[in-house]
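Q: Note that UniProt numbering gives residue 106 to position 106 of the sequence shown, counting from 1, and the numbers run on in steps of one. Have a look at this one before I ask anything.
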Amino acid sequence: MRAALQASATALQPTDLPLAVVKLGGSIVRGGTLAGWLDVISDAQRPIVLVPGGGALADEVRHCQRQLGFGDSTAHRMALLAMDQLAWAIAGMTPGYEVGTTIEDLRSIHERGLVAVWAPSAFLADRTDVEATWRLTSDSLALWLAGKLGAASCCVVKSAPIARRPLSADALRHDGVVDEAFPAMLRETGVSAAMFGQGDEGGLAAYLAGESPAPNPVTA
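As structure tokens, then:
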């Protein structure tokens with residue numbers, strides 16, 4: 001009987017905690033720590049949307065833009081496709097992850113008890129309310145999506161270490177940790193944001209489990 005009750009309690013846990021968006025920096029792929037972060041997200045007993053950065057693929061878009069001279073609107077579309085490719089890579093390497101594009105897709109994935117991975121290009125390419133320049137990258141897009149989903153929080157994971165203290169969005173922008181549009185997007189959406197960095201897998205796990213507050217909250 002006890003085992004049955006424990007199993008029942010475990011099954012209910014994902015609905016007890018609100019939706020969180022987790023943005024994984026594309027540089028994590030090159031740093032070799034991606035699998036560890038994905039394990040943390042897989043183990044979290046709550047609905048999660050994972051937003052991948054563009055990583056080396058987005059860097060190649062920047063390089064091609066400098067070489068070929070196409071405009072920011074084209075580069076924006078290509079960078080969104082870079083995020084799509086990493087979304088499909090993550091879903092392909094990790095059981096329990098599924099790619100979604102629209103808000104409805106992502107919610108449907110959660111209803112089936114899976115982690116949703118956002119492939120944004122088809123959803124965002126022709127929108128006029130999302131700035132199509134390099135000022136706004138996957139950091140701000142994660143906040144934007146969190147606002148659209150009504151998520152309780154947006155966790156931004158970077159490959160570099162993050163000091164354990166409250167962080168100002170403007171200071172993070174000034175230091176190049178987040179994109180130029182991030183502070184304004186944080187204020188616009190009103191989403192609670194937190195930063196996690198190298199070695200913070202345990203902190204993210206505890207936060208997603210509702211066991212501790214965010215170690216590095218970001219203030220607007």
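Where a beta carbon is used, it is the ideal one built from N, C-alpha and C, also for glycine. Everything numeric in this text was worked out from a predicted model, so none of it was measured.
Which residue comes first and which comes last in the alpha helix (DSSP H) that contains K23?
A: Element bounds for K23: not the alpha helix (DSSP H) but the beta strand (DSSP E), A20 to L24.
Q: Who are the near neighbours of V61 in its chain, counting only those whose CB is closer than 8 Å to its CB and skipping five residues on each side?
A: G54, A75, M78, A79 and A82
Q: Checking the sheet assignment: what are the DSSP bridge partners for W118?
A: The secondary-structure analysis by DSSP pairs W118 across a beta bridge with G100.
Q: So the candidates are P166, S138 and V49; which of them puts its Cα closest to the Cα of F182?
A: S138
Q: In three-state DSSP terms, what is L167?
A: strand
Q: Once DSSP output is grouped into helix, strand and coil, what is the label at V178?
A: coil
Q: According to DSSP, simplified to helix, strand and coil, what is V130?
A: coil
Q: For D84, which residues in the same chain have their Cβ closer than 6 Å to its Cβ, ignoring the five residues on either side in sequence?
A: A119 and S121
Q: What's the gap between the Cα of A4 and the Cα of A209?
A: Residue confidence for A4 is low, a pLDDT of 36 falling below 50, so the modelled location carries little weight and cannot support an answer.
Q: In this structure, does DSSP put S108 in helix, strand or coil?
A: helix
Q: Considering only the alpha carbon of each residue, which of L145, V130, T94 and G92 lies closest to R107?
A: L145
Q: Of the residues F196, S159 and C155, which one's Cα is nearest the Cα of T33?
A: S159
Q: For my contact list, residue 227 and I28 are in at a C-beta cut-off of 8 Å; report their separation, rounded to the angstrom.
A: Only positions 1 to 220 of the chain appear in this structure, which leaves residue 227 out of reach.
Q: Using DSSP with H/G/I as helix, E/B as strand and the rest coil, what is I90?
A: Per DSSP, reduced to three states, the secondary structure at I90 is helical.
Q: Considering only residues of the same chain and omitting the five flanking positions on each side of T102, which have a CB-CB separation below 6 Å?
A: F123
Q: Between the Cα of D179 and the Cα atoms of P217, I162 and L136, which residue gives the shortest distance?
A: L136
Q: So for L50, helix, strand or coil by DSSP?
A: strand
Q: If you drop the 5 nearest sequence neighbours on each side, which residues of the same chain put their C-beta closer than 7 Å to that of G96?
A: S42, L114 and V115
Q: Going by DSSP in three states, S42 sits in which element: helix, strand or coil?
A: helix
Q: I need the straight-line Cα distance from D129 to W88, nearest angstrom please.
A: 25 Å
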